[in-house]
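Trainee:
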Amino acid sequence: MSKQDAPGSKRPSGLHQFAEQAPKALAGMAALTIIAYGEGVLYTRAYFSEFGALWILDSVPMAVFFEHSVLPLLILLFLVLLAVRGLFDRDHTDLARIQRRFTVSLTTIIYGPWCLAGLSLFDFVLDTIGYSAVALAISVTSVLVLLLLIASALDYALVRWQRPDIRLHRVMFYPALAAIVISLYLVPSQLGRNFGKFDKNPATSTLSTIRLYHETSEYKLLFSTGGLVYIFPIPFEGDFPLVQAVSASQVEAIERGHPADELLER
């Protein structure tokens, strides 16, 4: 038996293959992190726009944008980890086993775009007729479907890299790519808008209620950073409340809701 055919030769080959692909994996991680940051920006922008307070974005630390997308990013990384599990195990190169393993991924690629389109339309209709709570639930569902679609597309790409003979017709794959690109903008924007409507309504708001010294009026605490708190009165008239920034030293009491430095975490 030659040296390259020895039973122990498979492991070094797999490790060598992994080492070659490690830079690509790190680049992919970096790309996902950048995308997650962008998703956090879109969410926060849409959230503040419901209060007519986009000017607060200039004061929002970068860490806040990452905080808004860290949970979806972790879920996506977990799904990707499942996709690459056993990628370098030669026992998984059997075509039949690979086809069974990725049946769910291919089904998601085929039907996921239509599911996202339906959810987005449903979200818009519910928001228009005033069912903000249900629209918020639909937005959260859209996030999960988008994560599954992205993970399935990455899963399919890994299979194509390992087994070029497995192909999905472009008529089925291109709609998935288009849906991912569009949804990366649309889904976080819808989620931020719906959360904003939810928190803007005094009956459903999860924001903390605060009182200032020498004032009898109550306010909702929208955000805080750098010794400043951004508040708006309750109740308010019109479509947008009057958001103002005051020093944290003027706050007498905070009731309900989250700590001031975690108000925008979801």
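If you read the sequence shown in the numbering used here, its first letter stands for residue 27, the second for the next number, and so on.
Backbone N, C-alpha and C define an ideal beta-carbon position, used for all residues, glycine too.
Note that the structure is predicted; figures quoted are calculated from it, not measured.
1. Going by C-alpha to C-alpha distance, which of D265, G264, S146 and D225 sits closest to L247?
2. Would you kindly work out how many angstroms separate the C-alpha atoms of L145 and I135, rounded to a whole number?
3. Which residues does DSSP list as the beta-bridge partners of F59?
4. How long is the line joining the alpha carbons of L130 and Y137, rounded to whole angstroms?
5. Near F77, which residues of its chain fall below 8 Å by C-beta distance, leaving aside the five closest residues on each side in sequence?
6. Within 10 angstroms of the Cβ of V67, are there 16 or more other Cβ atoms? Answer buried if so, exposed if not.
7. Pop quiz: L58 and L102 are said to be a contact at Cβ under 8 Å. What is the actual Cβ separation, rounded to whole angstroms?
8. Nearest CA to the CA of Y245: which residue from L233, G252 and V207?
9. Pop quiz: S215 and L172 are said to be a contact at Cβ under 8 Å. What is the actual Cβ separation, rounded to whole angstroms?
10. Can you tell me the Cα-Cα spacing of I155 and L217, whole angstroms?
11. Within the same chain, show all residues whose beta-carbon is closer than 7 Å to that of I164, passing over the 5 residues directly before and after it, in chain order.
12. Any chance you could list the beta strand (DSSP E) runs of at least 3 consecutive residues sitting entirely within the region 218-272, in chain order?
13. If we ignore side chains and look at the alpha-carbon of each, how far apart do A286 and I260 end up?
14. Among S75, L162, L99 and D84, which one has its Cα closest to the Cα of A62?
15. Could you name the residues that DSSP lists as bridge partners for V130?
16. Could you check which residue in A271, S243, I176 and Y157 has the C-alpha nearest to that of T251?
17. State buried or exposed for E65, treating a residue as buried only when at least 16 other CB atoms are found within 10 Å of its CB.
18. Please return the same chain residues whose Cβ sits closer than 8 Å to the Cβ of A72, not counting the five positions on each side in sequence.
19. What is the DSSP secondary structure of V86, reduced to helix, strand or coil?
20. Using only alpha-carbon positions, find the residue among L212, V160 and I206 that is nearest to L180.
21. From S168, G253, L203 and L174, pick the residue whose C-alpha is nearest to that of L212; which is it?
22. Roughly how many angstroms separate the alpha carbons of I176 and F199, rounded to a whole number?
23. Ordered along the chain, which non-local residues of its own chain (more than five positions away) have a Cβ less than 6 Å from that of S314?
24. Would you kindly work out how many angstroms separate the C-alpha atoms of L170 and G253, rounded to a whole number?
Mentor: Checking against the coordinates, here is how it stands:
1. Answer by Cα proximity: D225.
2. 16 Å
3. Correcting the residue type first, residue 59 is Thr in the shown sequence and not Phe. BP columns for T59 are empty, so no partner.
4. For the record, residue 130 in the displayed sequence is Val; it is not Leu. Each residue's Cα considered, the two are about 11 Å apart.
5. Around F77: G222, K226, L248, F258, F266, P267 and V269.
6. buried
7. Between L58 and L102, the beta carbon gap of about 7 Å places them in contact (Cβ cut-off 8 Å).
8. Ranking L233, G252 and V207 by Cα distance to Y245 puts L233 first.
9. So it is not a contact: roughly 12 Å between Cβ atoms.
10. Spanning the two alpha carbons is a distance of roughly 17 Å.
11. L145, F148, D149 and L152
12. 234-238, 244-251 and 254-260
13. For A286, the pLDDT reaches just 39, beneath the cut-off of 50, and the residue's location in the model is therefore unreliable, although a value from the coordinates is still provided. Whole-angstrom Cα-Cα distance: 18 Å.
14. L99
15. DSSP, once it has assigned bridges, lists no residue as partnering V130.
16. When each option's Cα is compared against that of T251, the closest is A271.
17. Flag for E65 reads buried.
18. If we look at A72 and ignore the five residues flanking it on each side, its Cβ neighbours are P214, S215, Q216, L217, G218, R219 and G222.
19. coil
20. I206
21. S168
22. The alpha-carbon atoms of I176 and F199 are separated by roughly 12 Å.
23. No statement about residue 314 is possible, as the shown extent of the chain runs from 27 to 292 and does not include it.
24. 36 Å
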